[in-house]
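Residue numbers (the numbering used here): 51 to 353.
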């Protein structure tokens, strides 16, 4: 099943805001709502495939006039409990787009058979299924369900945020008996490091929007590794997740364990040299707030 995300948003005075390209609207029409999890975040063994909008009992509206594609709610099953998604409904829209809504408190039948019009509330946000608080788990799919799209790429950008992401530390992971030890390094000073074998570098980074105690994944992360031997650049963006023969791949390329260890971003391994190795990390949120830190690693190779 698909897992989905949340974010912090402050809406304008208009309940329904227009997305010019696809004529899509936000599904919740309150003046203030909080996206507590964003697209692509780590769920420790899989990607968060949508956004979570917090709050219970709020009316939910289709992002576009639509018809019911699939629904499941308590009372439909007599032999088993409802799934971790809770009460849910999937809607079909134009141009091969679908949208999905999980953990619903109530589902209302449409006025016209299987069709909902744009301003017709079809459910209330809730806390059903495997949920740790009232929220809407919301996602958008394209190509008739082949891709799960980051909703922020399609819906109007509403969040008023001026706070850049926080780059906390980089780390090497070292197995020790039955556990893995995380050796952390901050950017304020040169780090003295002894390496007995070539290891990947991991990153702890999060986006904390204005006045909110939330730690979400930034939208884009870039890094540049440099020493006397090589200069290497790479980046990650959280645009979409594609189902490839039963495996969910970020941007159609990367498995979960190629991007994350728990909630740490995997930057990869490099051609380290004895002495100074420099890695610069740049992180952006959806408002293009930017953070940058440089880490200097003084490495002694023993392999």
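From the three backbone atoms N, C-alpha and C, an ideal C-beta is built for every residue, glycine too.
*From residue 223 to residue 96, what does the alpha carbon distance come to, in whole angstroms?*
Position 173 of the chain shown, counted from the first residue, corresponds to residue 223. Position 46 of the chain shown, counted from the first residue, corresponds to residue 96. Spanning the two alpha carbons is a distance of roughly 20 angstroms.
*Which residues in the same chain have their Cβ closer than 6 angstroms to the Cβ of residue 343, if we skip the five residues on either side of it in sequence?*
Start at 1 with the first residue of the chain shown, and residue 343 comes out as number 293. Excluding sequence neighbours, residue 343 sits near 217, 237 and 331.
*asked:* Helix, strand or coil, according to DSSP, for residue 109 in the structure here?
replied: Here residue 109 refers to the residue found at position 59 when the chain shown is read from its first residue. DSSP places residue 109 in strand when its eight states are reduced to three.
*Output yes or no for whether 8 angstroms exceeds the beta carbon distance between residue 176 and residue 155.*
Position 126 of the chain shown, counted from the first residue, corresponds to residue 176. Position 105 of the chain shown, counted from the first residue, corresponds to residue 155. Yes, the Cβ-Cβ distance between residue 176 and residue 155 is below 8 angstroms.
*Could you tell me whether the Cβ atoms of residue 185 and residue 86 are closer together than 8 angstroms?*
Locating residue 185 in the chain shown gives position 135, where the first residue counts as 1. Locating residue 86 in the chain shown gives position 36, where the first residue counts as 1. Their beta carbons are under 8 angstroms apart, which means residue 185 touches residue 86 by this criterion.
*Using three-state DSSP, classify residue 164 as helix, strand or coil.*
If you number the chain shown from 1, residue 164 lands on position 114. Residue state, collapsed to three classes: coil.
*Taking only runs that begin and end inside the stretch 294–349, name each unbroken alpha helix (DSSP H) of 4 or more residues, in chain order.*
Complete alpha helix (DSSP H) runs here, min 4: 306–309.
*N-terminal and C-terminal residue of the beta strand (DSSP E) that residue 241 is part of*: For the purposes of this step, residue 241 is identified with residue 191 of the chain shown, where counting begins at 1. Looking at the DSSP string, the run of the beta strand (DSSP E) that includes residue 241 is 241–245.
*asked:* According to DSSP, is residue 67 part of a helix, a strand, or is it coil?
replied: Start at 1 with the first residue of the chain shown, and residue 67 comes out as number 17. Note that residue 67 scores 40 on pLDDT, short of 50, meaning its location in the model is unreliable; the coordinates nonetheless yield the value given after this. Coil at residue 67, not helix or strand.
*Among all the DSSP beta bridges, which residues are the ones paired with residue 283?*
Sequence index remark: in the chain shown, residue 283 carries index 233 (1-based). BP columns for residue 283 point to 274.
*Quick one: any contact between the stretch 318–336 and the stretch 270–288, if contact means 3 or more CB pairs under 8 angstroms?*
In this structure the stretch 318–336 touches the stretch 270–288; the number of beta carbon pairs closer than 8 angstroms is three or more.
*Any idea what DSSP makes of residue 159, helix, strand or coil?*
On the chain shown, residue 159 is found 109 positions in, with the first residue counted as 1. Three-state result, residue 159: coil.
_Helix, strand or coil for residue 202? Go by DSSP, reduced to three states._
Mapped onto the chain shown, residue 202 falls at position 152. Helix, per DSSP.
*Report, in whole angstroms, the separation of the C-beta atoms of residue 211 and residue 159, which I expect to be a contact under 8 angstroms.*
If you number the chain shown from 1, residue 211 lands on position 161. If you number the chain shown from 1, residue 159 lands on position 109. Incorrect: roughly 38 angstroms between the Cβ atoms, too far for contact.
*When DSSP builds the beta bridges, which residues end up paired with residue 102?*
Position 52 of the chain shown holds residue 102. Residue pairing by DSSP puts residue 102 in a beta bridge opposite 87 and 187.
*asked:* Can you tell me whether residue 230 is buried or exposed? The criterion is at least 16 other CB atoms within 10 Å of its CB, across all chains shown.
replied: One-based indexing of the chain shown puts residue 230 at position 180. Residue burial annotation: residue 230 is exposed, with fewer than 16 other C-beta atoms found within 10 angstroms of its C-beta.
*Below 8 angstroms CB to CB, which residues in the same chain sit around residue 191 once its five sequence neighbours on both sides are set aside?*
Within the chain shown, numbered from 1, the residue matching residue 191 stands at position 141. Within its own chain, the residues whose Cβ lies closer than 8 angstroms to the Cβ of residue 191, once the five positions on either side in sequence are excluded, are 147, 148, 149, 150, 197, 198 and 199, listed in chain order.
*Flag this pair as yes or no: are the beta carbons of residue 114 and residue 144 separated by less than 8 angstroms?*
Sequence index remark: in the chain shown, residue 114 carries index 64 (1-based). Sequence index remark: in the chain shown, residue 144 carries index 94 (1-based). With respect to residue 144, residue 114 sits close: the two C-beta atoms are nearer than 8 angstroms.
*Could you tell me whether the Cβ atoms of residue 325 and residue 348 are closer together than 8 angstroms?*
Taking the first residue of the chain shown as 1, we reach residue 325 at position 275. Taking the first residue of the chain shown as 1, we reach residue 348 at position 298. Their beta carbons are under 8 angstroms apart, which means residue 325 touches residue 348 by this criterion.
*Within 10 angstroms of its Cβ, does residue 252 collect 16 or more other Cβ (buried), or is it exposed?*
Position 202 of the chain shown, counting from 1, holds the residue named residue 252. Counting other Cβ atoms within 10 Å of its Cβ, residue 252 reaches 16 or more and is therefore classed as buried.
*Nearest to residue 317 by alpha carbon, out of 323, 194, 249 and 351?*
Residue 317 sits at position 267 when you count from the first residue of the chain shown. It is 249 whose Cα lies nearest to the Cα of residue 317.
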